[in-house]
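Here the structure is laid out as structure tokens; the discussion comes afterwards.
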Amino acid sequence: MAVDEGLKIELGKQGVFVTSLQELYNWGRRSSVWPMQFGLACCAIEMIATTMARYDMARFGAEIFRPSPRQADMMIISGTVTKKMAPQVVRLYNQMAEPKYVIAMGACAISGGPFKQGYNVLKGIDRYIPVDVHIPGCPPRPEALLQALITLQKKIDGQPLTGEGRPRFLDAEAQGEFPVPEQGEHDLEPPSNPAVWPVPLTINK
Amino acid sequence: MKTVEEIKAAIETAVPGAQVEIVRNPGPSAQHSLRIGHEFAVQVATFLQDDPELALDFLSNVTGVDWPDKEIAEKVKVTRQVTKTIDGVEQAVEETVEETRKRLEPGCLEVVYHLYSMAKKHGPVVLRMRTANRSDKVNLPSLTRVWRAAEFQEREIFDLYGIVFEGHPDLRRILMWDGFKDHPMRRDYVDPDDYEYEPTAHDEVLAKAHAHQTAAGAVAVPEGGKP
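Note that the protein sequences, when read in sequence, are chains A and B. The first sequence begins at 275 in this note's numbering and counts up by one. The second sequence begins at 3 in this note's numbering and counts up by one.
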């Protein structure tokens, strides 16, 4: 239940702080999104730069990179996902505890990028796991990654705790584990997860 | 450094029986290479490394080349006996006809080694070896025992081209996974048909996207998508 903004400010002037449980809860969640410490390719260098003093991701509460998926809240797919690596990425995502979020960073992570037609590169990690924020760029600048983090924080802020549109971990029915693709004789099997990635309709003339 | 002719002569003196063939590079770099037979390859490699004048102690690069089967059309003049009626009398006349004959030149797989000398500061010497064909006789001797640097690169060639290096200490796929069956760098490699979503396709990719859509059915309505 939202509190009237004007009333809130007025009460604040009187020294009364009014909030809702949802606001407080989401404020806590979005202010400490700990990323998982892993990089896949050159985008990882930009991700590292984002955490350093000049860009300082710590300002947004996301500076503690955890080397274990059990302690991480967010996965930054920073770089090219090869078909050899894809099952491991999905497995790591499955091992993360809810709530968990994914940022696909860079052209390769979102679509395969310059390697799209190659024999060894996955055409976007969103074929296997749900991605919350896509950042284009080759590689994206640190500002773009910060923008993605802010976008993700806005998304977390806007999530209701009950009813339609509530996050997966508050929905007993929702599936939190995603099938890990097998490495087949010619390609990954299946080539995509239709539950996560229904094939978008394209009109090629 | 010695010229390729001198190196060829030196190899033939040091390793009797070794087949060495000079492959000319007509480009401005004029980087000619030596194609050696696989029977004496290890001896030749050992000689190139140990010879005090060449001292090729550094293997810089190993790569592969795929030469697919080639159909060659040739025009040949053929003389044959033809029965003709000349002036009411049947006669056997010789006639020369131009005929186009097609022959299949069998392909092969080739491996190329680039050698340098750190001690003498010279190079490169380019070595080539060919397999007998592209299907079942794809074995070549490994030069890893001579230059340790060849180990990973020979594994890569085994992975991507399918050349089997005999005497390699650890011949496994290095880039693709173990269960993978194809050799992606071969010219006849067929990539998996995953052209279901090509939003900005053009040229070759557009044709493949069309082929995929036709194969999947005239109207592919995805789940949740609009028809």
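In this text, a Cβ means the ideal position worked out from N, Cα and C, and glycines have one as well.
Inset, instruction - For the stretch 412–444 of chain A, list the alpha helix (DSSP H) runs that are entirely contained and at least 4 residues long, ordered along the chain. - result: 416–431
Legend entry - Residues of its chain near Q427(A), where Cβ-Cβ distance is below 6 Å and the 5 sequence neighbours each way are ignored: R304
Legend entry - Cα-Cα separation between K79(B) and T102(B), rounded to whole angstroms: 9 Å
Inset, instruction - Determine, using beta-carbon pairs with one atom in the stretch 150–158 of chain B and one in the stretch 58–70 of chain B, whether at least three such pairs fall under 8 Å. - result: yes
Inset, instruction - Determine which residues of the stretch 184–195 of chain B have a Cβ less than 8 Å from any Cβ of chain A, and write them out in chain order. - result: D184, P186, Y191, D193, P194
Legend entry - V376(A) to P309(A) span [Cα, whole Å]: 9 Å
Legend entry - Residues bridged to V25(B) (per DSSP): S35(B)
Legend entry - Interface flag, A217(B) vs chain A, CB-CB below 9 Å: no
Inset, instruction - Name the one or two DSSP bridge partners that K104(B) has. - result: A75(B)
Legend entry - T15(B) - DSSP class collapsed to helix/strand/coil: helix
Legend entry - Limits of the unbroken beta strand (DSSP E) element including R157(B): Careful: R157(B) lies outside any beta strand (DSSP E), inside the alpha helix (DSSP H) at 152–162.
Legend entry - Cβ contact (3+ pairs, closer than 8 Å) linking the stretch 139–147 of chain B and the stretch 42–59 of chain B: yes
Legend entry - Same chain only: Cβ atoms within 6 Å of F339(A), ignoring 5 sequence neighbours per side: P309, Q311
Legend entry - For M321(A), the first and last residue of its enclosing alpha helix (DSSP H): 317–325
Legend entry - Interface partners of Q391(A) on chain B, CB under 7 Å: V207
Inset, instruction - Please list the residues of the stretch 450–477 of chain A that have a C-beta atom closer than 9 Å to any C-beta atom in chain B, keeping them in chain order. - result: E456, Q457, G458, E459, H460, D461, L462, P465, S466, P468, A469, W471, P472, V473, P474, L475, T476
Inset, instruction - Name the one or two DSSP bridge partners that C110(B) has. - result: W69(B)
Inset, instruction - Leaving aside the five residues before and after Y393(A) along the sequence, list all residues of the same chain whose C-beta is less than 7 Å from its C-beta, in chain order. - result: none
Inset, instruction - Answer yes or no: does any C-beta atom of chain A fall closer than 9 Å to that of A211(B)? - result: yes
Inset, instruction - Buried or exposed for T354(A), please, with buried defined as at least 16 other CB atoms from any protein chain shown within 10 angstroms of its CB. - result: buried
Legend entry - Residue range of the beta strand (DSSP E) that includes H124(B): 124–132
Inset, instruction - Find the residues of chain A that neighbour L111(B), judging by a C-beta separation of less than 8 Å, and give them in chain order. - result: Chain A residues near L111(B): none, gap ~18 Å exceeds 8 Å.
Inset, instruction - Identify the continuous beta strand (DSSP E) that holds P186(B) and give its terminal residues. - result: Segment: none, P186(B) is in no beta strand (DSSP E) and carries neither H nor E.
Legend entry - Below-9 Å beta-carbon distance, I9(B) vs any chain A residue: no
Inset, instruction - State the Cα-Cα distance for the pair S294(A) and A218(B), rounded to the nearest angstrom. - result: 51 Å
Legend entry - Chain-order list of residues whose beta-carbon lies under 7 Å from that of V6(B) (same chain, five-residue window excluded): I24, H34, L36
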